[in-house]
Every structure is written in structure tokens, then in C-alpha cells.
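Reading through the C-alpha cells given below for one structure.
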Amino acid sequence: MRIMLACCAGMSTSLVVSRMEESAKEQGKEYKIWAVEQGQIEEELGNFDVLLLGPQVRHIQRKVTKIVGDKAPIGVIDAVSYGRCDGAAVLKQAEELSGVK
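This is the structure in C-alpha cells:
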């Protein structure tokens, strides 16, 4: 699965991405996980299976949903999980959005 996170500058989610990668590795899952800044979402269309928005950009969810359409599920990362850099919880959220169990 290809999981893309988007935030204001693509940097604030880097620690969350690292923790998600650690969690996936511990579970024996080979996922591609990366972060971009919100302006790159359209450029990345077709490159991700799930899009998670950082809580700080939740206000763009409606706009992004129109851009992405039915190409991939979109969610906003839970603020508590994001604040704690809880990679396992954010990974689980991505899996639930995509239908992976």
C-alpha cells in the first residue's frame, strides 16, 4: 500500500512517517509511506492508495476530496495520534480507510 501524508510544508509529518514505517516493519508490512506539502497533492495523483491530511490542514479536506475524487480514500489524521507521533495508530487509520485489515 502507498500511503501519502500531506501537511503545510511536508516537514511536520516527517516524524509521523518515520514512526509509521517502524510500525509497518514491526508488523512485517511493506508499505511506501511519505509526506508532501499540501500544494503537491494534485501532482501526486495516482501515486498513492490512501491520503492522510495533517490536522493543521483539515480545512482543505473538502477541496482535496474534489481533486482526488474516487481515486483514493482521504482522511484527517487524529490530532492526538499526530501530536504523540503514534505511528501505529496513524498506520491503523490508513489501513482502515483503505479497507486493509
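Read in order, the letters of the sequence shown correspond to residues 21 to 121 in this note's numbering. Glycine residues also receive a C-beta, built at the ideal position from the N, C-alpha and C atoms.
Residue i versus the options, residue with shortest Cα-Cα distance
| i | options | result |
| --- | --- | --- |
| F68 | V77, E42 and I53 | I53 |
| E62 | M31, K91 and E115 | K91 |
| Y102 | V120, Q81, Q76 and K83 | Q76 |
| Y51 | G59, M21, E116 and V70 | M21 |
| E57 | V84, G119 and Q47 | V84 |
| G66 | R104, E42 and P93 | P93 |
Rounded C-alpha distance that separates residue i from residue j
| i | j | result |
| --- | --- | --- |
| V140 | C28 | Residue 140 lies beyond the stretch modelled for the chain, which goes from 21 to 121, so this question has no answer here. |
| A99 | A44 | 20 Å |
| R78 | K49 | 28 Å |
| G59 | L71 | 13 Å |
| L73 | E116 | 15 Å |
| I87 | T33 | 21 Å |
Contact belief for residue i with residue j at Cβ below 8 Å, rounded distance in angstroms
| i | j | result |
| --- | --- | --- |
| G20 | M40 | Outside the displayed span of the chain (21 to 121) sits residue 20, for which this structure offers no information. |
is_contact[residue i, chain C] using C-beta, thresh 7 Å
| i | result |
| --- | --- |
| C105 | Going by chain labels, chain C is absent from the structure shown, which holds only one protein chain. |
Counted within 10 angstroms of its Cβ, other Cβ atoms place residue i as buried (16 or more) or exposed
| i | result |
| --- | --- |
| M31 | exposed |
| I97 | buried |
| L35 | exposed |
| G119 | exposed |
Residues of its chain near residue i, where Cβ-Cβ distance is below 7 Å and the 5 sequence neighbours each way are ignored
| i | result |
| --- | --- |
| R64 | Correcting the residue type first, residue 64 is Glu in the shown sequence and not Arg. For E64, where only same-chain residues beyond five positions count, the Cβ hits under 7 Å are M24 and V56. |
Heavy atom of the ligand FAD within 6 Å of residue i beta-carbon
| i | result |
| --- | --- |
| M31 | In terms of ligand content, the structure shown is empty, and the ligand FAD therefore cannot be addressed. |
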